[in-house]
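Chemist: In our numbering, the protein residues as written are 7 to 467. For each residue, glycine too, the CB sits at the ideal point set by N, CA and C. Quick caveat: nothing in here was measured; it's all calculated off a predicted structure.
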């Protein structure tokens, strides 16, 4: 039995240590919080690739990355990727193109841009027979997007020049999805007219030959104007906001994210959208809104409590339980009370706000909150036990554990004070080897503030 406990604790210790390895923490969080059905090696590959290639992803915290990867995997499964001109499509291509979709729609509920189902990937610039010209990319109303892979990579390799082929073509796709797709985001649709009204002001200036901060290509038509704005929105947000604050603010509202707020997973400040709608000019940058409840840091606090419940239960709780005279009835009563308290205290904050799925919420209560609360109760009772007392009981049955670490006495009558089972870690070699049932047992104990007796010595005759 001892070797089994040793091995089990070893596995728990290994799990505890590996949980603090960043990639493992992010995988556990992604698997539990978002329930993304990918293996750990696949998650690590995606996480490392995006951290290396996409500044946008690297700035997200553990919660934001979990949400991003979950969306990326769902998008990748819905899209078809075809290599053109003998180009072989790799997992890297599928992941990065899916990541661009996840980036541009990160603030929206409908994030997959479902109308666009196929990506034709060319190795370099290609010639279009339809348009009779060489192209870097193209977005077709029939649900097909064409990309030059070398130029796509260049867009993320230099991510501060306002030129990104992937973002440009997906911006076209997002906008066209409103007119050709069967599923589009209601928030995006609601605010598109407001953005177009604001955008036409700058677009008209460009058509009239006036100088604009945006590159000349934005003046081709309103479709290209929108795509160029999206490129600059993600790659040069600070300059965009400084030169065209009204247009930038409306784009923040339209996409429901703000690239100037990476520390908050690009979420808009509370009430920001309402203020923009009410005022003709964008207000100065609103202060960072502090979340009302911080449930996430580097590691979800519920995971820490589950680990605390496991480790405290074995390392601290078990020894305290063996020397505390507490009946099975009392044990389960306290456990049920703690479960009820944990459920009432945390259900609204964790489950209703969708921080954890219901199955893991119940795991959190069962092996996290309840064991931790019980260990704290036992420890408090032990620390507050002072006055030493003795009591003699008649012994009816005695049982031994093979490990030799403790014994069980069954006393006469099932006393309310000591109940049926009294456990103690303090026993003598003579007592273990004796075959006859002893007649009496003298218990030396101290009583804590919670009313439970802490047995410090047991003598038998």
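(1) In the DSSP assignment, what are the bridge partners of residue 88?
(2) What separation, rounded to the nearest whole angstrom, lies between the Cα atoms of residue 245 and residue 251?
(3) What is the residue span of the alpha helix (DSSP H) that residue 110 lies within?
(4) So, is residue 331 buried or exposed, given that buried needs 16 or more other C-beta atoms within 10 angstroms?
(5) What residue range does the beta strand (DSSP E) around residue 154 cover?
(6) Taking the straight line between their C-alpha atoms, what separation do you get for residue 197 and residue 253?
(7) If distances are taken between C-alpha atoms only, which option among 65, 68, 48, 195 comes closest to residue 115?
(8) For the beta strand (DSSP E) that residue 391 lies in, which residues bound it at each end?
(9) Give me, in chain order, the residues of the same chain whose beta-carbon lies closer than 8 Å to that of residue 141; leave out the 5 immediate sequence neighbours on both sides.
(10) Can you tell me the Cα-Cα spacing of residue 58 and residue 136, whole angstroms?
(11) Quick check: residue 177 and residue 236, are their CB atoms within less than 8 Å of each other?
(12) Pairs of beta-carbons, one from the region 70–82 and one from the region 104–112, closer than 8 Å: are there three or more?
(13) Once DSSP output is grouped into helix, strand and coil, what is the label at residue 252?
(14) Beta-carbon within less than 8 Å of residue 228's beta-carbon, same chain only, minus the 5 sequence neighbours each way: which residues are those?
(15) Just to confirm my understanding: we take residue 118, look at its own chain, exclude 5 residues before and 5 after, and list those with CB closer than 6 Å. What are they?
(16) Compute the distance between the beta-carbons of residue 391 and residue 340, then report whether it is under 8 Å.
(17) Determine the contact status of residue 165 and residue 61, defining contact as a CB-CB distance below 8 Å.
(18) Using three-state DSSP, classify residue 226 as helix, strand or coil.
(19) Looking at the secondary structure, which residues open and close the alpha helix (DSSP H) in which residue 334 lies?
(20) Could you tell me which residues DSSP pairs with residue 330 in its beta bridges?
(21) Looking at residue 456 and residue 387, is the spacing between their C-beta atoms short of 8 Å?
(22) Less than 8 Å separating the beta-carbons of residue 49 and residue 75?
(23) Could you tell me whether the Cβ atoms of residue 238 and residue 220 are closer together than 8 Å?
(24) For residue 144, name the three-state secondary structure that DSSP assigns.
(25) Roughly how many angstroms lie between the CA atoms of residue 299 and residue 277, to the nearest whole one?
(26) Would you tell me roughly how many angstroms separate the C-alpha atoms of residue 255 and residue 247, rounded to the nearest one?
(27) Can you list, in chain order, the residues of its chain whose CB lies under 7 Å from that of residue 179, leaving out five sequence neighbours each side?
(28) Within 10 angstroms of its Cβ, does residue 222 collect 16 or more other Cβ (buried), or is it exposed?
(29) Sort 370, 374, 347 by Cα distance to residue 323 and report the nearest one.
(30) Output needed for residue 212: all residues of its chain with C-beta closer than 6 Å, excluding positions within five of it in sequence on either side, in chain order.
(31) Would DSSP call residue 117 helix, strand or coil?
(32) In whole angstroms, what separates the C-alpha of residue 272 from that of residue 190?
(33) So what does DSSP say about residue 370, is it helix, strand or coil?
(34) When the Cα of residue 369 is compared with those of 318, 313, 335, which residue comes out closest?
(35) In terms of DSSP beta bridges, what is residue 134 paired with?
(36) Assign residue 68 to buried or exposed, taking buried as 16 or more other Cβ atoms, counted over all protein chains shown, within 10 Å of its Cβ.
Modeler: Here's the rundown:
(1) 126
(2) 9 Å
(3) 97–110
(4) buried
(5) 150–154
(6) 13 Å
(7) 195
(8) Careful: residue 391 lies outside any beta strand (DSSP E) and carries neither H nor E.
(9) 131, 132, 133, 134, 152, 154
(10) 36 Å
(11) yes
(12) yes
(13) helix
(14) 202, 205, 206, 209
(15) 81, 84
(16) no
(17) yes
(18) coil
(19) 334–352
(20) 460
(21) yes
(22) yes
(23) yes
(24) strand
(25) Unreliable placement is indicated for residue 299, whose pLDDT of 40 sits below 50; the coordinate value is still reported in the next sentence. Whole-angstrom Cα-Cα distance: 17 Å.
(26) 7 Å
(27) 119, 122, 145, 151
(28) exposed
(29) 374
(30) 218, 225
(31) coil
(32) 21 Å
(33) helix
(34) 313
(35) 139
(36) buried
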